[in-house]
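Q: Per full-length UniProt numbering, the very first residue in the sequence shown carries number 1; after that it's consecutive.
Heads up, the beta-carbon is just placed ideally off N, CA and C, and yes, glycines get one too.
For reference, the structure I am asking about is given below.
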Amino acid sequence: MQVCCDLEVDVNGEEVFMVDKKTLASFSKRFGGLFGNSMDNSGNLKVVFHDFPGGAVGFELIARFCYNNGRTQITPASVVLLNCAAQFMEMESDGHRPSLLNQTKKSLDGISFWSWSELLVALKECKDLLLSPSKPSLILDKVLDCVVGRLVSPIVASPYTSSSENSSFQCSCDTRSSYSTRNNSSQVSWWFEDLLFLNIDLIDKVIKLMICQHFDHATITKFLFCYQRSRFVTATPTEKCRIMEVIINLLSLLDRNSLSCKHLFDMFRVASSLENISKHCKSVLDTLIGSQLDQATIDFLLVPPPRKKHYMYDMNLVLRLVNAFQNELNCCSSLVRLRKVASLLDSYLVEVSADSYLTPSKFAALVLLLPDSARESHDRLFQAIDIYLQVHGGICEAEKMRICSALNYAKLSTDALRHLARNSKFPSRIAIQGFINQQFKLENLFEGKKHIDTFSGSISIEENIKENENSDQVLVYAKRVNVPVKAEQLEVQLPGMQFRVTELDKFSGTIHTQIGNIPRTRLSSLGNNARFLPKLCS
């Protein structure tokens with residue numbers, strides 16, 4: 001067959017090839033359709049490609065295949081390039097000529113025998129040649145399936161040896177923690193560095209494949225955080241938004257227990273610095289952090305507010321996170337986790353209550369955020385409200401009442417109730433309620449059962465006459481206070497009640513002192529029926 005060079009091919013502006021159009025058209029349907037009736041034309045033709053896969057290198061491989069009558073060597077390093085070029089040139093089988101596309105597909109049958117390095121080379125070719133990984137690609141799917149299969153397999157360990165100096169690598173993603181990979185032949189993270197070159201679209205496909213094959217979610221989480229930090233070093237603002245959005249969506253697919261609260265807050269700070277990240281991703285991230293809020297510390301919540309906000313910290317963030325936590329709460333372990341969050345929130349309230357820019361409505365929303373059952377004690381909540389009312393003395397009575405409605409007087413200690421009853425910053429009705437509950441607790445203090453330890457054990461003195469007399473004295477004293485039931489009448493008598501609270505405290509202290517000084521002597525002369533009679537101080 002006579003071969004001439006009647007076709008000029010400009011490949012992506014990189015190089016110009018002079019080839020025989022009939023030779024190439026006999027293997028390529030694209031060339032055949034392009035020339036059509038001009039196939040027998042003796043004149044020279046010119047074709048310009050702007051997006052040929054692999055550029056000049058890819059076209060040269062195609063040309064060699066055609067000139068070699070449909071034969072070429074296909075290796076793991078070239079199979080992806082040949083496959084992409086064959087698809088571009090429509091080199092399917094017509095039953096008469098060898099098909100390059102079929103040959104590349106057949107070479108993938110042995111992909112399970114490829115080494116890890118060969119898989120990475122093929123994966124890199126996929127990244128460079130497949131402009132849109134979202135489009136179906138047989139070869140990409142095959143390579144990804146094999147890569148993930150190697151990672152998921154429990155019998156596959158790191159292909160790198162610790163003795164190899166060239167294989168040592170440490171992916172330090174921050175100053176505190178690092179993922180030691182090849183250097184330590186880690187069973188869970190040796191592959192981290194090898195996949196950091198992938199773009200975010202391929203990472204999306206890889207992670208979803210891992211999830212489908214039940215890969216360890218904690219390891220996936222570590223890799224995603226490592227990938228984000230590594231890629232952000234050189235990424236543009238647009239690329240950073242895309243990376244962050246994909247990673248957040250991938251994290252939402254993982255088991256919540258595999259997520260690190262600290263890393264999620266770190267990611268939140270990074271996401272907050274990006275202007276164009278979607279609201280949906282911010283909402284998903286709030287949900288993820290909220291689900292792990294019982295693991296947080298007060299430092300995590302002290303996040304600076306958005307721009308043009310004068311608050312000390314981002315109050316709206318805490319509102320969103322606590323609401324997300326309650327929505328995600330598992331009923332089986334709800335009480336323990338809920339109380340952890342309540343303790344965290346009380347610490348946060350004490351921290352922010354002195355903020356002069358904190359509005360009454362915002363503070364009320366914070367103190368009323370959790371149900372009453374979330375707190376065993378309301379002392380810290382009372383402390384936060386006390387600080388707030390001292391700093392914001394100008395708020396109206398209705399706003400004070402709404403804020404104080406979060407208090408459960410039964411869960412306040414005697415000291416807190418005493419402070420409340422004497423605190424002029426609180427509404428008078430609230431102070432009266434505090435006084436009544438304080439008096440009730442003091443009465444119960446002396447009506448309860450008392451036990452005195454003896455040398456031979458603990459002997460009950462519930463019926464001790466002298467103790468009962470002292471209890472009666474307290475009750476008589478309490479009756480002398482003569483507290484009316486109606487709040488309107490109590491408001492008038494509040495100053496006098498506060499003075500009497502002081503007297504009652506002094507009396508309570510005297511009783512405690514007397515009980516503490518009771519001599520514990522054993523009257524052995526009385527035999528087995530001996531009783532121990534306390535001698536009260538005069």
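With a floor of 4 residues, list each alpha helix (DSSP H) that falls wholly inside the region 229-292, ordered by position along the chain.
A: You should have 237-251, 261-272, 279-291.
Q: Could you spell out the range, first to last residue, of the beta strand (DSSP E) harbouring D10?
A: Run containing D10: 7-11, per the beta strand (DSSP E) assignment.
Q: I'd like to confirm the pairing. Which residues does DSSP put opposite K46 in its beta bridges?
A: The partner list for K46 (beta bridge, DSSP) reads E8.
Q: Over what stretch of residues does the alpha helix (DSSP H) that includes S197 continue unbroken?
A: In the sequence under discussion, the amino acid at residue 197 is Phe, which differs from the Ser named in the question. Careful: F197 lies outside any alpha helix (DSSP H) and carries neither H nor E.
Q: Assuming A324 and T287 are in contact, meaning their beta carbons sit under 8 Å apart, how far apart are those beta carbons, in whole angstroms?
A: 5 Å between Cβ atoms; contact.
Q: Assuming L108 and K135 form a contact by the criterion Cβ under 8 Å, report the distance between their Cβ atoms to the nearest whole angstrom.
A: Not quite, the Cβ-Cβ distance comes to about 18 Å (not below 8 Å), so this is no contact.
Q: Could you spell out the range, first to last residue, of the beta strand (DSSP E) harbouring E15?
A: Where E15 is concerned, the enclosing beta strand (DSSP E) stretches over 15-19.
Q: Between the C-alpha atoms of V352 and F225, what's the straight-line distance to the nearest angstrom?
A: Cα-Cα distance, rounded: 31 Å.
Q: Thinking C-alpha only, which one of Y348, M312, K309 is nearest V322?
A: It is Y348.
Q: Going by the CB atoms, is the gap between D10 and V48 shorter than 8 Å?
A: Yes; because the gap between Cβ atoms is below 8 Å, this pair is in contact.
Q: Give a yes or no on contact between the region 123-132 and the region 91-102, applying the rule of three or more CB pairs nearer than 8 Å.
A: Output reads no: the region 91-102 does not touch the region 123-132.
Q: Run through DSSP, which three-state label would Q73 get?
A: In this structure, Q73 counts as coil in the three-state DSSP scheme.
Q: Are L151 and W114 close, meaning C-beta to C-beta below 8 Å?
A: Against a cut-off of 8 Å, the Cβ pair of W114 and L151 comes out as no contact.
Q: Given a threshold of 16 other Cβ atoms within 10 Å of its Cβ, counted over all protein chains shown, does K240 qualify as buried or as exposed?
A: It is buried - the Cβ of K240 has at least 16 other Cβ atoms within 10 Å.
Q: Can you tell me whether D415 is buried or exposed? The criterion is at least 16 other CB atoms within 10 Å of its CB, across all chains shown.
A: Looking at its Cβ environment, which holds fewer than 16 other Cβ atoms inside 10 Å, D415 is exposed.
Q: Can you grab the Cα-Cα spacing for the pair N102 / N44, in whole Å?
A: About 31 Å.
Q: So what does DSSP say about V188, is it helix, strand or coil?
A: Three-state result, V188: coil.
Q: Just tell me which of V246, D294, K308 has its CA closest to the CA of S278.
A: Of V246, D294, K308, the residue nearest in Cα terms is V246.
Q: By the three-class DSSP mapping on this structure, what secondary structure does N464 have?
A: Reliability of the predicted coordinates at N464 is poor, the pLDDT of 41 falling under 50, and the value obtained from them is presented with this limitation in mind. Three-state result, N464: coil.
Q: Roughly how many whole angstroms lie between the Cα atoms of S291 and V270?
A: If you take the alpha carbons of S291 and V270, they lie about 19 Å apart.
Q: By the three-class DSSP mapping on this structure, what secondary structure does R97 have?
A: Three-state result, R97: coil.
Q: Give the range of the alpha helix (DSSP H) segment to which C396 is assigned.
A: First-last for C396: undefined, no H or E at that position.
Q: Kindly indicate the opening and closing residues of the alpha helix (DSSP H) around G110.
A: No alpha helix (DSSP H) holds G110; DSSP gives it neither H nor E.
Q: For the alpha helix (DSSP H) that contains Y67, what are its first and last residues?
A: Element bounds for Y67: 55-67.
Q: Given this structure, state the Cα-to-Cα distance separating D294 from S377, to the nearest angstrom.
A: Near 18 Å, if we compare the C-alpha coordinates of S377 and D294.
Q: Expressed to the nearest angstrom, what Euclidean distance is found between the alpha-carbon atoms of N468 and R402?
A: The predicted position of N468 is uncertain, since its pLDDT is 44 and thus under 50; no value can be drawn from it.
Q: Measure the C-alpha to C-alpha separation of F223 and V391 and round it to an integer number of angstroms.
A: Cα-Cα distance, rounded: 47 Å.
Q: Is N323 helix, strand or coil when you go by DSSP?
A: Of the three classes helix, strand and coil, the one that applies to N323 here is helix, per DSSP.
Q: Can you grab the Cα-Cα spacing for the pair P306 / A86, in whole Å?
A: Rounded to the nearest angstrom, the two C-alpha atoms are 53 Å apart.
Q: Measuring only the C-alpha atoms, how far is R422 from F363?
A: Answer to the nearest angstrom: the Cα atoms are 23 Å apart.
Q: Under three-state DSSP, which class holds Y409?
A: Helix at Y409.
Q: Alpha carbon to alpha carbon, how far is V284 from C146? Give it in angstroms, no decimals.
A: Between C146 and V284, the C-alpha separation is close to 31 Å.
Q: Just the Cα atoms here: how many angstroms apart are L120 and C212?
A: Their Cα atoms are separated by approximately 21 Å.
Q: Shortest alpha-carbon distance to L198 belongs to which of H217, K105, H280, I243?
A: Out of H217, K105, H280, I243, I243 has the C-alpha closest to the C-alpha of L198.
Q: Quick check on DSSP: helix, strand or coil for residue 580?
A: It is not possible to answer for residue 580, since the shown part of the chain is limited to 1 through 538.
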